[in-house]
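These notes are about the structure you will find just below.
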Amino acid sequence: MALEVDWFLRANPEISMIEALLPDSNGVLRGKWLPRSKLAKVYKGELKFPKTALALDIWGRDVEELVFGTGDEDGVCRPVEGTLLPTPLSPRGRHGQLMLTMFSGNGAPYLGDPRQVLKQVVSRYHRLGWRPVVAAELEFSLVRWDGKRPNHSNEDPYRGEPIGGNLYGLDVLHQHHAMLEQIHQACQLQGLPFDGVVKESAPSQYEINMRHVDSPVLAARQILMMKRVIKEIAQRHNLVASFMPKPFEGEAGNGLHIHCSVIDDAGNNIFDDGTETGTFELKSAIGGSLQHMADSFAVFAPSFNAYRRFQKGSHAPVTPNWGYENRTVAVRVPAGSPKARRIEHRVAGADANPYLVFAVILAAALDGIERGIAPGAPVSGDGYSQPGPLLPIYMHDSLRMFQASPFIREALGAEIQHTFSLTKTQELEEFSKHITSLEYHAYVERL
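Start counting the sequence shown at -5; every next residue gets the next number (this note's numbering).
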């Protein structure tokens, strides 16, 4: 570690400040700026934050029950290997960045840190001689924001309002070519797996594709850093790149679709049997994913707004179902070469913490494989209209299931189950206190 610090400082004499980044349970990057002279001390384990810094609500407020219940004790923040890099987003290139992860004072990983939670899940695969391979499709909205209500960045010049979404439209990409090129260049500088961009179905919606990697822990960090790059470069172009899951009524919301396969020690995909249907392990992994989807829903839909995605016509699944080459189901098995046989988990919103998303998907799939959980028959046709048990598409229901779930306690740990539940409950209670404009329109004069 000392050599890494020495090399970095010598190679980047212009860098005066290090941005130390600690992702919280919402996936928001917390932390502090440190002068370069303090960098060596960080690598020696001398940087501390309260453990409750990982459980702040979306407004950055403490959860009082956690603060007072623990005495607000500190955790030790250590650098994540390979994350000490110059940032292309800083003024005149004078900043570096470093990702942190948290440990308890006794040196054990702190399991209120989503990164440490995911590492524990991945280690279960490694003990079996397996490596999960994952990739992500990350959707966002490119909007103009006046502080009150977002407006579409793409408007019809004749009517001044969006007409359709111009799905896969190349002309829209050309309109934003300078911004998109800068995003690509920043990703290259930071080693982020940018694999293309596409115009999505809503008028201001885009999707960044990320290349597959055989480390979910790395992939989760890359998603967070990709979001940071996209947001900061959009801001330079007087736009807001929003990962809000449902920014506009009546239009498709922003999702985070996860592709996953599993490779054994010999380099073979355990989901591939040379056929289009896939192996017993593939079907069992799907079975586990479906069985635990409801208990995990608070992770997939962690915000109050996230539940507005799960409405008719919004292209988000409301039933735990699956199918081959079917984009209307919760878990899709894409067509293609059997060697690339994988599942596509289509439930999470773009606001979800990728560490926790990977953790629950991988834990559910592994439970399915180990117990041989059958997924039921694949869906043909419109999966949105198929009968079946509904997912908990209201926030209070999903939190209740998450809090009480033996699967979540076993898969993620009691610490993150407790802290995440309290954080989300505080957010839900805050939203419940506020009167919406729709309520005024409905009730002030009529009642």
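The beta-carbon is built from N, C-alpha and C at its ideal position, and this holds for glycine as well.
query	result
Range covered by the beta strand (DSSP E) that runs through residue 53	From DSSP, residue 53 is part of no beta strand (DSSP E); its letter is neither H nor E.
Residue range of the alpha helix (DSSP H) that includes residue 167	164 to 169
Coarse secondary structure for residue 184, derived from DSSP in three states	coil
For residue 201, the first and last residue of its enclosing beta strand (DSSP E)	199 to 204
Alpha-carbon spacing of residue 434 relative to residue 440, whole angstroms	10 Å
Alpha-carbon to alpha-carbon, residue 51 and residue 136	24 Å
CB contact flag (residue 3, residue 33, <8 Å)	yes
Same chain, Cβ closer than 7 Å to residue 1, five either side skipped, listed in chain order	none
Run of the beta strand (DSSP E) containing residue 24, from where it starts to where it stops	23 to 29
Separation of residue 316 from residue 217, as counted between CA atoms	25 Å
Host beta strand (DSSP E) of residue 121 (start-end)	Taken as a continuous stretch (DSSP letters only), residue 121 belongs to no beta strand (DSSP E), being part of the alpha helix (DSSP H) at 108 to 121.
Same chain only: Cβ atoms within 7 Å of residue 387, ignoring 5 sequence neighbours per side	301, 304, 312
Every unbroken alpha helix (DSSP H) within the region 232 to 292, with a cutoff of 4 residues, ordered by chain	274 to 285
Three-pair Cβ contact test at 8 Å for the region 281 to 297 versus the region 162 to 169	no
Where residue 182 falls, given that 16 or more other Cβ within 10 Å makes a residue buried	exposed
The region 314 to 331 touching the region 215 to 235, judged by at least three CB pairs closer than 8 Å	no
Residues sharing a beta bridge with residue 11, DSSP	29, 89
Beta strand (DSSP E) segment containing residue 435, residue limits	That residue, residue 435, is in no beta strand (DSSP E); its alpha helix (DSSP H) goes 431 to 437.
Endpoints, alpha helix (DSSP H) assigned at residue 349	348 to 365
Host alpha helix (DSSP H) of residue 42 (start-end)	Unbroken run through residue 42 is the beta strand (DSSP E), 41 to 44; no alpha helix (DSSP H).
Nearest to residue 241 (by Cα), restricted to the options 344, 89, 125	344
Three-state secondary structure assigned by DSSP to residue 75	coil
Alpha-carbon spacing of residue 150 relative to residue 138, whole angstroms	With a pLDDT of only 44 at residue 150, under 50, the local geometry of the prediction cannot be trusted, and the value read off the model is given with reservation. The straight-line gap from Cα to Cα measures roughly 15 Å.
Cα-Cα separation between residue 213 and residue 227, rounded to whole angstroms	21 Å
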